[in-house]
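Just so you know, the sequences run in chain order S and A. Oh and the first sequence: position 14 is 14 in my numbering, straight run, nothing missing. Numbering-wise, my numbering comes out as the position in the second sequence, counting from 1, plus 1000. Cβ coordinates follow ideal geometry from the N, Cα and C atoms, glycine included.
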Amino acid sequence: KAGVTQTPRYLIKTRGQQVTLSCSPISGHRSVSWYQQTPGQGLQFLFEYFSETQRNKGNFPGRFSGRQFSNSRSEMNVSTLELGDSALYLCASSSQQGGVSGNTIYFGEGSWLTVV
Amino acid sequence: AQTVTQSQPEMSVQEAETVTLSCTYDTSESDYYLFWYKQPPSRQMILVIRQEAYKQQNATENRFSVNFQKAAKSFSLKISDSQLGDAAMYFCAYRSGGSQGNLIFGKGTKLSVKP
């Protein structure tokens, strides 16, 4: 079974630009969530999607948005990039089918975003 | 709100020895899950072990085991027969049992393994 796949793996953007990151969850997983990892703030939850609906959202400004498609693939978008948005963005998926297995979250390799 | 605390920013262990990483959490919930993830230099977040709160028995996965003390809200990870490949950042994480629970992470412990 293929794992969580994220693209692109690395990207460099200029302040003020926008960026879109893509994530394909593990086959059969309907929940996709996104996390930001920085040296200063650690791992922070951005949002979670289930069946194309945002179900949960972290404490990030409206410049951070996401969506989920009918095939469970997800994208996150950051508009008007700031230097502080430089981070590793991790996508994760879970089946949500109950029990510890259904509630276990599996991560992709991440997308490294550098804002210059 | 739930919090996760890892009090050891760095730990070191000799190859083949045993090391224990500490994690405490705070919650008022009764239904939740606890996880340990490993993040090597590649930055891939890898699941090490998981525990359901309502299960008294401590989880084990090969050389990895946990000491889950629910009353004390403690969830430590023991790595036996440490190997060079175990060197990584280790994150303790909490997830509510509700369907909308996201992971709440500790700040991590950097484990070094000396040959």
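Give every residue of the same chain whose Cβ lies closer than 7 Å to the Cβ of residue i, excluding the five residues on either side of it in the sequence, and list them in chain order.
i, result
"Gln36/S", "Gln44, Leu46, Ala87, Tyr89"
"Gln1006/A", "Ser1022, Cys1023, Cys1092, Gly1106, Lys1107, Gly1108, Thr1109"
"Leu1047/A", "Phe1035, Tyr1037"
"Ser1012/A", "Ser1112, Lys1114"
"Pro8/S", "Ser111"
"Gln1008/A", "Leu1021, Ser1022, Thr1109"
Can you list, in chain order, the residues of its chain whose CB lies under 8 Å from that of residue i, leaving out five sequence neighbours each side?
i, result
"Phe64/S", "Leu46, Phe47, Met76, Asn77, Val78"
"Gln97/S", "none"
Within its chain, find whatever has a CB closer than 6 Å to the CB of residue i; leave out the 5 residues flanking it on each side and keep chain order.
i, result
"Glu1017/A", "Ser1082"
"Lys1078/A", "Thr1020, Ser1065"
"Lys117/S", "Because chain S in this structure spans residues 1 to 116, residue 117/S falls outside the shown range and cannot be described."
"Arg73/S", "Ser24"
"Leu1103/A", "Ala1093, Arg1095"
"Ala1059/A", "Ile1049, Gln1051, Val1066"
Below 8 Å between beta carbons: does that hold for residue i and residue j?
i, j, result
"Val19/S", "Leu81/S", "yes"
"Ser94/S", "Ser51/S", "no"
"Ser1080/A", "Ala1053/A", "no"
"Val116/S", "Ile12/S", "yes"
"Tyr1033/A", "Gly1098/A", "no"
Is it right to say residue i is buried, meaning 16 or more other beta carbons lie within 10 angstroms of its own, or is it exposed?
i, result
"Tyr10/S", "exposed"
"Phe1075/A", "buried"
Against residue i, what residues of chain S qualify as contacts under a CB-to-CB distance less than 7 Å, listed in chain order?
i, result
"Ile1045/A", "In the sequence as presented, Ile is not what sits at residue 1045/A; that position holds Met. Under the 7 Å cutoff, chain S gives Leu90, Phe107."
"Phe1075/A", "By Cβ distance, chain S contributes nothing, its closest Cβ being about 14 Å from Phe1075/A, past 7 Å."
"Phe1068/A", "Correct list: empty, because the minimum Cβ distance to chain S is about 12 Å."
"Lys949/A", "Within the shown structure, residues of chain A are numbered from 1001 to 1115, placing residue 949/A beyond reach of any answer."
Determine the chain A residues that contact residue i at a beta-carbon separation under 8 Å, and present them in chain order.
i, result
"Phe45/S", "Asn1102, Leu1103, Ile1104"
Listing by chain order, which chain A residues have their CB less than 7 Å from the CB of residue i?
i, result
"Val100/S", "Tyr1033, Arg1050, Glu1052"
Taking residue i as the query, report the chain S residues whose CB atoms sit under 8 Å from its CB, ordered along the chain.
i, result
"Phe1064/A", "Within chain S, no residue comes near Phe1064/A; the closest Cβ sits about 15 Å away, beyond 8 Å."
List, in chain order, every chain S residue whose beta-carbon is nearer than 9 Å to that of residue i.
i, result
"Lys1110/A", "Ordered by position in chain S, no residue passes the 9 Å Cβ test against Lys1110/A, which lies about 12 Å from the chain."
Report yes if the C-beta of residue i is less than 7 Å from at least one heavy atom of the ligand ADP; otherwise report no.
i, result
"Asp1086/A", "Of the ligands one can find in the structure shown there are none, so the ligand ADP has no counterpart to examine."
In chain order, which continuous runs of the alpha helix (DSSP H) of length 4 or greater are located wholly inside the stretch 50-111 of chain S? 99-102
In chain order, which beta strand (DSSP E) runs of at least 3 residues are fully inside the stretch 1061-1095 of chain A? 1064-1069, 1074-1079
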